[in-house]
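Counting from 1, position 72 in the sequence shown corresponds to residue 72 in the UniProt record's numbering; the numbering is continuous, with no gaps.
Down below is the structure, laid out as C-alpha cells.
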Amino acid sequence: MSGSMNRNPSSQPPNNNKDGRKDVLNLTVVLSKRNVRKQHKQQQQQTSKQHTMTTRLSSTGPQVVIEQRSYNKSAYQQAASSVSSRKPHVKEKEAQKSRIIQVLDIPLNYKLYEIRAVFSKYGKIEDLYTRVKGLYQHAYIRYEQEDNINIFYFQWSCYLEQHTVRVIPLLLNDESREDRYGFALKLTGLPFGTTGRELNELLKGSGTKSVVISRNPKNYNLLKYAMVYFPNEDVLTEAASLELKIKGSELFWLNLDEKACHVTQALSQFKRKKPSSYAEAAKGEGNNGRR
Numbered sequence: 001m002s003g004s005m006n007r008n009p010s011s012q013p014p015n016n017n018k019d020g021r022k023d024v025l026n027l028t029v030v031l032s033k034r035n036v037r038k039q040h041k042q043q044q045q046q047t048s049k050q051h052t053m054t055t056r057l058s059s060t061g062p063q064v065v066i067e068q069r070s071y072n073k074s075a076y077q078q079a080a081s082s083v084s085s086r087k088p089h090v091k092e093k094e095a096q097k098s099r100i101i102q103v104l105d106i107p108l109n110y111k112l113y114e115i116r117a118v119f120s121k122y123g124k125i126e127d128l129y130t131r132v133k134g135l136y137q138h139a140y141i142r143y144e145q146e147d148n149i150n151i152f153y154f155q156w157s158c159y160l161e162q163h164t165v166r167v168i169p170l171l172l173n174d175e176s177r178e179d180r181y182g183f184a185l186k187l188t189g190l191p192f193g194t195t196g197r198e199l200n201e202l203l204k205g206s207g208t209k210s211v212v213i214s215r216n217p218k219n220y221n222l223l224k225y226a227m228v229y230f231p232n233e234d235v236l237t238e239a240a241s242l243e244l245k246i247k248g249s250e251l252f253w254l255n256l257d258e259k260a261c262h263v264t265q266a267l268s269q270f271k272r273k274k275p276s277s278y279a280e281a282a283k284g285e286g287n288n289g290r291r
C-alpha cells in the first residue's frame, strides 16, 4: 500500500486529453473560416445574378426599367414582349398624320371648345391642340376617320364664325403646299372692320381659294387690305381685271410686294390729285383738250 502511495509521478503515463482538445478546437476554427469564405463567395455569385435588368428602346421611344431580385426568365420574356408591343407606336403616330389637319389664321381670342364646335361638323375629333404663331393661333386637329379631311385637299379655307381660316392636311405634299402660296394678290381699300366672310362672299365666283385679312400688331384690329390666294396664274389674272366695291368703297388690286398706305389704301395711286387752285384746274382741262 505504502509503495503504491509513494509512486513517482514521473513514472505515470502523460495525460494527452488537454492537447487533443486544443487540436480539435484549432481544426474547428479553420473549417469555420473556410465555410464563411465559401458562403461569402456564394453570396457574391448570387448577388451578381440578383441584378437590375434595364431594357431600353430607341432614343425616340420610351424607356422601360424592370427591377428583379433574382433572375426570372418569364419576367425577362414579359419585358421583351412589352418592348416589342411598344415599337409600333412610332408607326401608329405616322399613320395618324393622314387624319390630321393644320388650321391657320385663328384669332388669339378663340378657345379650344369654340374651334372644336366648328370643326366637329366634318367628323368626330380625336384630338385638338393649338399653338401661338405670331398674331394668330395654329390648330392641329386629328379625326377618327381619314375620310373626314379629304375635303381640305380641294377646299383651302373655311369659316370660323365671321373669319376665314386656311386649312392644310398635314400630309399634303410639298408641291401642293407651294401652290397654295404661289399665286396671290393684295386687295386694298377695305372699309374698317371688313371681315373675311364678307370679302369671301364678294369674291365668290372669281376662283379665289382663300382670303387672309391682316391685323394691326398694336391694337389687333383688322387692317384695310387682304391677301387673296388663287389656284393658278390664269385665275389670278382674270380676277385682277375685276372692278370691286364693298360697302360703297372701291377696291384695288396690288402685287404682294407693293406697299399700300394703311389710311388711304393706295387710293392716291389711282385717283387724280385734287387741284390746289382754279388756275391749276383750268390748266389741267386745257392739257386734256389738246390730247
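Beta carbons: idealized from backbone N, C-alpha and C, even for Gly.
This one's a predicted model, so the numbers in the text were calculated from it and none came from an experiment.
- Residue 232 sits exposed, since fewer than 16 C-beta atoms from the chains shown fall within 10 Å of its C-beta.
- Taking a contact to require three or more Cβ pairs closer than 8 Å, the stretch 203–210 and the stretch 93–103 do not qualify as touching.
- At the C-beta level, residue 246 and residue 198 come within 8 Å of one another.
- For residue 176, the enclosing alpha helix (DSSP H) starts and ends at 174–182.
- Within a 10 Å sphere around the beta-carbon of residue 189 sit 16 or more other beta-carbons, which makes this residue buried.
- Between the stretch 98–112 and the stretch 123–140, the count of Cβ pairs shorter than 8 Å is three or higher; the stretches touch.
- For residue 119, the three-state secondary structure derived from DSSP is helix.
- Look at residue 258 here: in three-state DSSP terms it is coil, with no helix or strand label.
- Annotated as distal: residue 210 and residue 253, with beta-carbon spacing of 8 Å or more.
- With a beta-carbon spacing of about 7 Å, residue 230 and residue 184 fall inside the 8 Å limit used to define contacts.
- In this model, residue 42 and residue 35 are separated by some 10 Å (Cα to Cα).
- Scanning its chain for C-beta atoms nearer than 6 Å, with the 5 sequence neighbours on each side dropped, one finds around residue 251 the residues 187, 189 and 244, in chain order.
- In the structure shown, residue 251 adopts coil according to DSSP, grouped into three states.
- Straight-line spacing of the CA atoms in residue 235 and residue 89 works out to 44 Å.
- By the C-beta density criterion, residue 237 is exposed, having fewer than 16 other C-beta atoms within 10 angstroms.
- Judged by beta-carbon spacing, residue 239 lies beyond the 8 Å limit of residue 195, meaning their Cβ atoms are not closer than that value.
- One Cα belongs to residue 212, the other to residue 121, and the distance between them is close to 23 Å.
- Ranking 228, 258 and 224 by CA distance to the CA of residue 249 puts 224 first.
- Taking residue 228 as reference, the option from 174, 182 and 220 with the minimal CA-CA separation is 182.
- Short of 6 Å from the beta carbon of residue 101, and not among the five residues preceding or following it, lie these beta carbons of its own chain, in chain order: 141, 149, 152, 167 and 169.
- When the beta-carbon positions are compared, residue 160 and residue 113 stay at least 8 Å from each other.
- By the beta-carbon neighbour count (other beta carbons within 10 angstroms, threshold 16), residue 117 is exposed.
- Straight through space, the alpha carbons of residue 172 and residue 128 are spaced by roughly 19 Å.
- When rounded, the separation of the alpha-carbon atoms in residue 144 and residue 132 is 25 Å.
- In the three-state DSSP reduction, residue 243 falls in the coil class, being neither helix nor strand.
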